[in-house]
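Chemist: Going left to right, the sequence shown walks through residues 590 to 799 as my numbering numbers them.
A single structure is presented below for examination.
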Amino acid sequence: MRTISLIFLIISFCVPTFANADITSTFDTDLEGWTVEGANYIHRDYGGNPDGHMDIKDNSAKLNHVLAPEETYNYGNLSSYNGGILSFDVRLTSPSPSNYSDFRYGKVTITGSTGVAWIDLINTPSASWTTYTTSLTSTAWNVTGNWADILSDITKISIVLDEGTRGNSSGFDNFAIKATVVPEPISYILFLAGGAALGFRRYTKKKSIN
């Protein structure tokens with residue numbers, strides 16, 4: 590019985606825990622601090638993916654920018670999320686979807702005090718809710734400056750949801766930043782636990798003989 594308890598104790602120490610909670614905006618009840626430059630925007634408690642979402646209607650010939658609140662990027666410091674995942678859901682409600690790559694639709698920009706990182710995440714928007722995902726790594730983004738320094742002192746995260754002309758409408762939902770942890774292979778954990786348990790049994794047997 591003692592041996593089994595020891596195995597479970599060792600496994601509990603070996604299995605990794607997530608040090609960072611996921612940062613999410615689901616827009617279920619309100620806009621959660623999100624704003625938009627260059628467009629009208631409101632919260633709708635229906636029609637999202639699912640439930641509520643941000644409804645954006647362009648009112649300018651200039652590109653609009655969806656702006657994240659400070660708490661969404663951990664008040665300026667996402668260093669502990671380096672190597673994690675950034676994702677969000679978007680649908681283009683009007684006009685009909687086409688290739689907007691020349692107009693930077695879906696361009697995500699992380700602005701830091703010492704540099705900028707950006708990525709064109711949406712090439713062809715869809716009329717249906719679609720999840721767009723990218724890794725938070727320097728190799729995935731176009732970086733001016735030092736990637737680690739940018740993540741450590743973020744001043745703004747913005748997303749372009751505009752095809753370059755006045756009159757388009759988009760939905761925005763389920764923004765998330767998640768940390769990733771690579772777990773130890775279970776076979777390796779069991780190997781360590783088994784070895785420790787065997788050693789413990791030999792120790793107790795030797796002690797009882799003496």
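Quick reminder that beta carbons are idealized off the backbone N, C-alpha and C, glycines included.
Please identify the residue among T703, P714, N763 and D644 whose C-alpha is closest to the C-alpha of K745.
Modeler: Among T703, P714, N763 and D644, the Cα nearest to that of K745 belongs to T703.
Chemist: Please return the same chain residues whose Cβ sits closer than 7 Å to the Cβ of S614, not counting the five positions on each side in sequence.
Modeler: So the qualifying residues of the chain are E621, W623, T661 and F764.
Chemist: How would you label Y664, buried or exposed, when you count the other beta carbons within 10 angstroms and need 16 or more for buried?
Modeler: Counting Cβ neighbours within 10 Å, Y664 comes out exposed, since fewer than 16 surround it.
Chemist: Compute the Euclidean distance between the alpha carbons of S649 and Y694, then round it to the nearest angstrom.
Modeler: Cα to Cα, the separation comes out at about 15 Å.
Chemist: Which of the three DSSP states is assigned to E773 in this structure?
Modeler: Interpretation of E773 is limited by its pLDDT of 49, a score under 50 that renders its predicted location unreliable; the figure taken from the coordinates is listed afterwards. Correct three-state label for E773: coil.
Chemist: Once the 5 residues before and after F616 are set aside, which same chain residues still bring their CB inside 7 Å of it?
Modeler: Counting only Cβ-Cβ distances below 7 Å, and skipping sequence neighbours, we find H632, G637, G641, H642, M643 and D762.
Chemist: What's the C-alpha gap between T733 and S727?
Modeler: Roughly 10 Å separates the two Cα atoms.
Chemist: Tell me the start and end of each unbroken beta strand (DSSP E) in the stretch 677-744 that is at least 3 residues and wholly inside, in chain order.
Modeler: Correct list: 696-701, 705-709, 719-724 and 731-733.
Chemist: What residues match up with S758 in a beta bridge as DSSP calls it?
Modeler: In DSSP, S758 forms a bridge with K646 and S683.
Chemist: If I follow the unbroken beta strand (DSSP E) through S815, where does it start and stop?
Modeler: Any property of residue 815 remains undetermined from this structure, which presents the chain solely from 590 to 799.
Chemist: Please classify Y664: does DSSP put it in a helix, a strand, or coil?
Modeler: Three-state result, Y664: helix.
Chemist: Got a sec, what are the start and stop residues for the beta strand (DSSP E) V655 sits in?
Modeler: Taken as a continuous stretch (DSSP letters only), the beta strand (DSSP E) holding V655 covers H654 to L656.
Chemist: Spell out the partners DSSP gives S747 in its beta bridges.
Modeler: Paired residue(s): L656 and T698.
Chemist: The beta strand (DSSP E) with N629 in it runs from where to where?
Modeler: N629 -> beta strand (DSSP E) spans A628 to R633.
Chemist: I'd like to confirm the pairing. Which residues does DSSP put opposite T618 in its beta bridges?
Modeler: Per DSSP, none; premise fails for T618.
Chemist: By alpha-carbon positions, which one of L740, T700, A768 and V625 ends up nearest to V655?
Modeler: Of the candidates L740, T700, A768 and V625, the one whose C-alpha sits nearest the C-alpha of V655 is V625.
Chemist: I'd like the list of long-range same chain contacts for A657, defined as Cβ closer than 6 Å, with 5 residues on each side in sequence excluded.
Modeler: Closer than 6 Å at Cβ, skipping near neighbours: I746.
Chemist: Which one or two residues does DSSP pair with K767 in a beta bridge?
Modeler: Paired residue(s): I674.
Chemist: Pick out whichever of A716, G756 and D738 has its Cα sitting closest to the Cα of A706.
Modeler: Ranking the options by Cα distance to A706, first place goes to D738.
Chemist: Near N653, what residues of its chain come up, given a Cβ to Cβ distance below 8 Å and the 5 sequence neighbours on each side ignored?
Modeler: Same-chain partners within the cutoff: V625, E626, G627, A628, I645, D647, V749, L750 and D751.
Chemist: Output the distance between the C-alpha atoms of T700 and N757, rounded to the nearest integer angstrom.
Modeler: T700 and N757: Cα-Cα distance of roughly 26 Å.
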